[in-house]
Each structure stands twice: as C-alpha cells, then as structure tokens.
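Sequential numbering from 345 applies to the sequence shown in our numbering. Note sheet for the following structure.
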Amino acid sequence: MAQMEKILVAYTTNAGTTEEVAVVIGEELGKQGAQVDLRRLEEVADLAPYTAVVIGGPMIMGWHKAAVRFVKKHQQALSRVPVAYFLTAMSLTQTGETRIGAIPLCIDPVLAKAPKNANRLGLKERYATVTNYLRPVLRSAPQVKPVSIAVFGGKLEFYRLKLLQMLFVLVVIQAQPGDRRNWPVIREWAGGLRAQLALASASE
Ligand SMILES: Cc1cc2nc3c(=O)[nH]c(=O)nc-3n(C[C@H](O)[C@H](O)[C@H](O)COP(=O)(O)O)c2cc1C
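So, in structure tokens, the structure goes:
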C-alpha cells in the first residue's frame, strides 16, 4: 500500500517573519490536499512520518545556523525524501541565476537588486548572491538535493536589534527597515510545491 502523503513544513525564526511565511506555505500545501505538519525546527526529532519536507529560515549572517544544523543532522533522512528550502532575506544581488547546479531557484524579483557592474561584483554584492548564501548548506549536506529553493523578501524592524546586529544590517547588507514580503510570489511558489515534491518522489 502506498504511504499516505504527509508534508512537514519546518522553520526557524528570530523575529517571527519566517514563521508567518511558513504558515502561508503550509496553508497553500493544505489547499492542494496535502496533509501538512507545521513545526519549529527545534520541535522536530524524527522525520520518519513524512513523505516530503520543506525547511525555512531567515538569512542571519548566512542562512540561519539552526536551519543549516538541521539539514546537516538529518541529511540521511532528507536524502531519501523530496525536500525544498526557503529563505527570507533583505539583501540579494541579482545575478540572473535560475539554478544552482541542478536545483531550480525561485527568486523574488522585487528583492533581487541589480549590481552596479554585473561583470565585476563588489564585495557586498558578492556576499549577497544566492550562491554565496546557499554554499554552506549545500556543502554540509551534499546528498540532500532540494527540488526547489526559494528566496523571499523578509521583514526587518530596527528596534528589535542589538547594536552589533544593527551595524551588520546597516553596513554589510545595507537593508532598510520594513516588510518586503511579496505574498503573491510566496503563494505562487507554495502553490506549485506539492506537485514538485510528488514528482521527485515518483522518480525516486
Ligand atoms: C542580525 C541580522 C543579520 C541579518 N543578515 C542578513 C543577511 O546576511 N542577508 C540578508 O539578506 N538579510 C539579513 N538579515 C535580514 C533578515 O534575514 C530578515 O530580517 C528576516 O526576514 C528575518 O526573519 P525572522 O523575522 O524570521 O527572524 C539579517 C537580519 C538580522 C537581524
């Protein structure tokens, strides 16, 4: 008998932004008829009940450490089921990449910012490329091959930040405070996700 489809949407968040995005992704998957479990990463001990896993986290000087740790820790299990990642971010250099290796990317076009000179990226522009953001997680769990990776605009509120965080945000990522989430893009990605996960499952 075929295993019943059950999708885990697991996320980490510092200030709540990514949680709200995860809720909407779970909602969209649910609308497509999937059985969805929405959990914080820390609440997830066992991936065995799930037929697919969606993992989300914000960029906090790199993809959130908890997300990278989770993927690394569960890499064996995650290499056996279809997986997708999503990131929330406030700074992204537009590079025109649509894939990293074989992995399709969904990039919020409103978030991505054109570099001053596309042939010669500056230091901060290079830092904020999707390849640079994803390198650590892809290197630390190479057997995990997401069916899709999405980078969405996030939300930043300066009053929440400590001085060093504020300096990083202002100097390195040069982000302005505000809510840059683009719900139609988030919903569109989530709307096609169940089919993408199922397709990967069928080809395994
Ligand atoms: C300390 C700190 C570091 C951040 N680093 C980055 C970064 O490297 N690149 C980026 O695009 N956004 C960065 N951001 C912006 C966050 O990714 C964004 O605000 C996100 O939506 C926060 O999600 P959360 O509310 O789920 O924690 C940073 C924010 C903070 C507070």
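We put the beta carbon where it would ideally sit given N, CA and C, even for glycine.
Mind checking who T437 pairs with in its DSSP beta bridge?
If you number the sequence shown from 1, residue 437 lands on position 93. According to DSSP, which records beta bridges pairwise, T437 is partnered with K457.
Is G406 close to ligand 1? I mean its beta-carbon at under 8 Å from any heavy atom of the ligand.
On the sequence shown, residue 406 is found 62 positions in, with the first residue counted as 1. Because some heavy atom of ligand 1 lies under 8 Å away, the Cβ of G406 counts as near it: yes.
Just to confirm my understanding: we take P459, look at its own chain, exclude 5 residues before and 5 after, and list those with CB closer than 6 Å. What are they?
Indexing the sequence shown from 1 puts residue 459 at position 115. So the qualifying residues of the chain are T437, L465, E469.
Can you tell me where the beta strand (DSSP E) with A494 in it begins and where it stops?
Working through the sequence shown from its first residue, we reach residue 494 at position 150. It spans 492–497 - the beta strand (DSSP E) in which A494 sits, taken as one unbroken run.
Is the shortest distance between the beta-carbon of V365 and the beta-carbons of chain B less than 9 Å?
The chain labelled as chain B is not found in the depicted structure, where only one protein chain is given.
According to DSSP, what are the bridge partners of M510?
The sequence position of residue 510 within the sequence shown is 166, counting from 1. According to DSSP, which records beta bridges pairwise, M510 is partnered with nothing at all.
For V367, does the count of other Cβ atoms within 10 angstroms reach 16, so buried, or fall short, so exposed?
Numbered from 1 along the sequence shown, position 23 holds the residue referred to as residue 367. Per the 10 Å Cβ criterion, exposed.
Look at T385 and A421 and say whether their C-beta atoms are less than 9 Å apart.
Locating residue 385 in the sequence shown gives position 41, counting from the first residue. Locating residue 421 in the sequence shown gives position 77, counting from the first residue. It should be pointed out that residue 385 corresponds to Leu in this sequence rather than to Thr. Their beta carbons are not under 9 Å apart, which means L385 does not touch A421 by this criterion.
For ligand 1, is there a heavy atom less than 8 Å away from the beta-carbon of L382?
For the purposes of this step, residue 382 is taken as residue 38 along the sequence shown, with counting starting at 1. For ligand 1, not one heavy atom lies less than 8 Å from the Cβ of L382.
Across which residues does DSSP place M403 in a beta bridge pair?
Numbered from 1 along the sequence shown, position 59 holds the residue referred to as residue 403. Its beta-bridge partners are W407.
Considering only the alpha carbon of each residue, which of M348, E349, E372, V412 lies closest to I528?
Counted from its first residue, the sequence shown places residue 528 at position 184. In the sequence on display, residue 528 carries Pro and not Ile. The shortest C-alpha separation from P528 is found at E372.
Under a Cβ-count criterion, where at least 16 other Cβ atoms within 10 Å of its own Cβ denotes burial, should D390 be classed as buried or exposed?
Reading the sequence shown from its first residue, position 46 is the one you call residue 390. Exposed is the call here.
Cβ atoms of A534 and A396: under 9 Å apart, would you say?
Counted from its first residue, the sequence shown places residue 396 at position 52. Counted from its first residue, the sequence shown places residue 534 at position 190. In this structure, A534 does not lie closer than 9 Å to A396 by Cβ.
For Y355, report the span of its beta strand (DSSP E) as first-last.
As a position in the sequence shown, residue 355 is number 11, starting the count at 1. Start and end: 350–355.
In the DSSP assignment, what residue or residues form a beta bridge with T432?
If you number the sequence shown from 1, residue 432 lands on position 88. P402, F496.
Report the rounded CA-to-CA distance for H408 versus Q520, giving the unit in angstroms.
By 1-based counting over the sequence shown, the position of residue 408 is 64. By 1-based counting over the sequence shown, the position of residue 520 is 176. Each residue's Cα considered, the two are about 20 Å apart.
Rounded to the nearest angstrom, what separates K489 and F512 at their Cα positions?
Working through the sequence shown from its first residue, we reach residue 489 at position 145. Working through the sequence shown from its first residue, we reach residue 512 at position 168. C-alpha separation (whole angstroms): 31 Å.
Around the C-beta of T442, are 16 or more other C-beta atoms found within 10 angstroms, so that it is buried, or is it exposed?
What you label residue 442 is simply residue 98 of the sequence shown in a count that begins at 1. That one is exposed.
Using the Cα positions of R531 and A378, report the straight-line distance between them to the nearest angstrom.
In the sequence shown, the residue the question calls residue 531 occupies position 187. In the sequence shown, the residue the question calls residue 378 occupies position 34. Distance between the alpha carbons of R531 and A378 is about 15 Å.
Please list the terminal residues of the continuous alpha helix (DSSP H) segment that includes Q420.
Reading the sequence shown from its first residue, position 76 is the one you call residue 420. Unbroken alpha helix (DSSP H) run through Q420: 419–422.
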